[in-house]
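Colleague:
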Amino acid sequence: MSEGGISCAVCGVHFNSQRDYFGHCQGKKHKSNENLANLQEAAQRTVFVKGFNGYNPDCKNVLGLYFSVFGPVTKIKVNNKSGGSIANVEFQDLPSVAKCLSVRHHCLQGSPLFVKQYVFHLPKHEQMRMIHLQNEKEEEQKRQNIHSAVMKSLMSACNLTDQINQMTEMLKLTEDDEKVRALICDDMTVLFNRYFESCTVHQFGSSINRFGTKGCDLDLFLYLRSDVPYYKKPRVQLPFHKDIKTLKFDYGPLSTEQLPLNTDDLYIISPMDHLEGLIGIKLVAKILENRKKWYTDIITIPSHRCPVIKFTHHSSGIKGDLSLNN
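Per full-length UniProt numbering, the sequence shown starts with residue 1, numbered consecutively.
1. Using a threshold of 9 Å, state whether the C-beta atoms of Ser111 and Phe22 are closer than that.
2. Can you give me the C-alpha to C-alpha distance between Lys293 and Asp20, rounded to a whole angstrom?
3. Please state if the CB of Gly212 and the CB of Lys142 are separated by a distance shorter than 9 Å.
4. With DSSP run on the structure shown, which of helix, strand or coil describes Thr263?
5. Quick test of the definition: if touching needs 3 or more C-beta pairs under 8 Å, does the stretch 169 to 189 touch the stretch 134 to 141?
6. Taking the straight line between their C-alpha atoms, what separation do you get for Leu322 and Leu222?
7. Going straight from the alpha carbon of Tyr66 to that of Leu122, what length do you get?
8. Between the Cα of Asp58 and the Cα atoms of Phe48, Val103, Ile76, which residue gives the shortest distance?
9. Can you find the residues in the same chain that come closer than 8 Å, C-beta to C-beta, to His105, ignoring five residues on each side of it along the sequence?
10. Quick check: the stretch 308 to 316 against the stretch 281 to 295, are there 3 or more CB pairs under 8 Å?
11. Tell me, which residues are paired with Glu90 by DSSP?
12. If you follow the alpha helix (DSSP H) that Lys214 is in, where does it begin and where does it stop?
13. In this structure, how does DSSP classify Pro57 when only helix, strand and coil are distinguished?
14. Whose C-alpha, out of Phe91, Met151, Leu283, is nearest the C-alpha of Pro302?
15. What are the boundary residues of the beta strand (DSSP E) that includes Cys199?
16. Apart from the five residues just before and just after Ala37, which ones in its own chain have a Cβ nearer than 7 Å to its Cβ?
17. Would you tell me roughly how many angstroms separate the C-alpha atoms of Pro72 and Asn61, rounded to the nearest one?
18. Mind checking Gln40: buried by the 16 CB within 10 Å criterion, or exposed?
19. What do you reckon, are the CB atoms on Val119 and Ile86 nearer than 9 Å?
20. State the Cα-Cα distance for the pair Thr90 and Gly84, rounded to the nearest angstrom.
21. Taking the C-alpha atoms as reference points, what is the distance between Val115 and Gln26?
22. How many whole angstroms separate the CB atoms of Ile281 and Pro307, which I take to be in contact at a CB cut-off of 8 Å?
23. Going straight from the alpha carbon of Gly320 to that of His147, what length do you get?
24. Expressed to the nearest angstrom, what Euclidean distance is found between the alpha-carbon atoms of Gln144 and Thr168?
25. Considering only the alpha carbon of each residue, which of Leu173, Cys199, Phe196 lies closest to Ser207?
26. For Lys245, which of helix, strand or coil comes out of DSSP?
27. Take the Cβ of Ser96 as the centre, count every other Cβ of all protein chains shown within 10 Å, and call the residue buried at 16 or more, exposed below.
28. Could you work out which residue in Arg45, His125, Leu191, Glu197 is closest to Phe70 when comparing CA atoms only?
29. From what residue to what residue does the beta strand (DSSP E) around Leu322 run?
30. Work out the CA separation of Gln163 and Ala149 for me, nearest whole Å.
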């Protein structure tokens, strides 16, 4: 209990009352963090063992008798793999682990054992969550640095006009920023041209109207063209095609004749127009997901008016919105 409230040591969050704290402890996030902390603590009391006969029905008892010499053993987990049997031996306390690891050569029933400290690996979803939190912290630090620099510059300005000029100069997109954004467009154009007969990716909004500032989102649209001559391209397998029930092809690039045709009571829309809705967004999002080294945090936001794909360009950290034929 700290002065003026209570803090959760597991989550690193401060609360003004015990009621808020107890409510927090019942939440999924706290329980998940608590479970993760328990796993990490248990990993520190665990050693990894290899070199024994795991197919022996009595191997757990044999291992337990051997390692109990170093201290109380609480759990033994044996896993038989094609490359040999392995075991995780969990002790009751850290001194027992230290005593076990201090022995240079372990031997069980005449066979040498390989023993080392167990290394805990975060579950994949926790790894992604930690990366996301780290990225958020870095983004917040960047914003604070920019804010501090701008305020310092404004305080030193002579008048309002000087302040406006200095703020504009400090916050506007630099030539390097614009080059990176143009390269993202070029990369996406090359990527999507493998799957569609003819397309280009273009910027719009603040990225090109000179109102863009440092860290602003990159607004893009994928222009699917049906008015250009068809040039034969290498065949490519279409991702996620089974989810698109009206698309009957496994391979692309897709021509306008191959794209699904949709009708209603009033009119017939072109095949390319049909792809501009949720069907197209699903296909385009899956293409980006297959390029994980370059694009991350891909989220599809469905909308009848203008569905959007949110993404983050991995190397530059630029966040963007991609729509179709906007």
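Just so it is clear, CB atoms sit at the ideal spot from N, CA and C, and this is done for glycine as well. As the structure is a prediction and not an experimental result, all values here were calculated from the model.
Modeller: On the basis of the coordinates in this document:
1. Cβ atoms of Ser111 and Phe22: not closer than 9 Å.
2. Cα to Cα, Lys293 sits roughly 41 Å from Asp20.
3. Taking 9 Å as the Cβ cut-off, Lys142 and Gly212 do not qualify as a contacting pair.
4. Any reading at Thr263 must be qualified, since the residue scores a pLDDT of 34, below 50, and its modelled position is unreliable; the value itself is stated next. It is a strand residue.
5. No, because fewer than three Cβ pairs between the stretch 169 to 189 and the stretch 134 to 141 fall closer than 8 Å, the two stretches do not touch.
6. Rounded to whole angstroms, Leu322 to Leu222 spans 7 Å at the Cα level.
7. Their Cα atoms are separated by approximately 29 Å.
8. Asp58 has its Cα closest to that of Ile76, out of Phe48, Val103, Ile76.
9. Excluding residues within five positions, the ones whose Cβ falls inside 8 Å are Pro112.
10. In this structure the stretch 308 to 316 touches the stretch 281 to 295; the number of beta carbon pairs closer than 8 Å is three or more.
11. Per DSSP, Thr46, Lys75.
12. First-last for Lys214: undefined, no H or E at that position.
13. Under the three-state reduction of DSSP output, Pro57 falls in the coil class, being neither helix nor strand.
14. Between Pro302 and the set Phe91, Met151, Leu283, the nearest pair of CA atoms involves Leu283.
15. Segment 199 to 203, the beta strand (DSSP E) holding Cys199.
16. Within the same chain, Cβ atoms closer than 7 Å to the Cβ of Ala37 are found at Val10, the five residues on either side in sequence being excluded.
17. Straight-line spacing of the CA atoms in Pro72 and Asn61 works out to 13 Å.
18. Result: exposed.
19. No, these two residues do not count as a Cβ contact at 9 Å.
20. Note that residue 90 is Glu in the sequence shown here, rather than Thr. In this structure, the CA atom of Glu90 is about 20 Å from the CA atom of Gly84.
21. Cα atoms of Val115 and Gln26: separation of roughly 39 Å, rounded to the nearest angstrom.
22. About 4 Å separates the two Cβ atoms, so the contact holds.
23. Near 22 Å, if we compare the C-alpha coordinates of His147 and Gly320.
24. Near 17 Å, if we compare the C-alpha coordinates of Thr168 and Gln144.
25. The candidate whose alpha carbon is nearest that of Ser207 is Leu173.
26. Caution is warranted here: a pLDDT of 48 is assigned to Lys245, below 50, making its placement in the model unreliable, and no coordinate value can be reported.
27. When all chains shown are included, Ser96 counts as buried.
28. Between Phe70 and the set Arg45, His125, Leu191, Glu197, the nearest pair of CA atoms involves Arg45.
29. Note, Leu322: beta strand (DSSP E), 319 to 324.
30. So the alpha carbons of these two residues sit roughly 13 Å apart.
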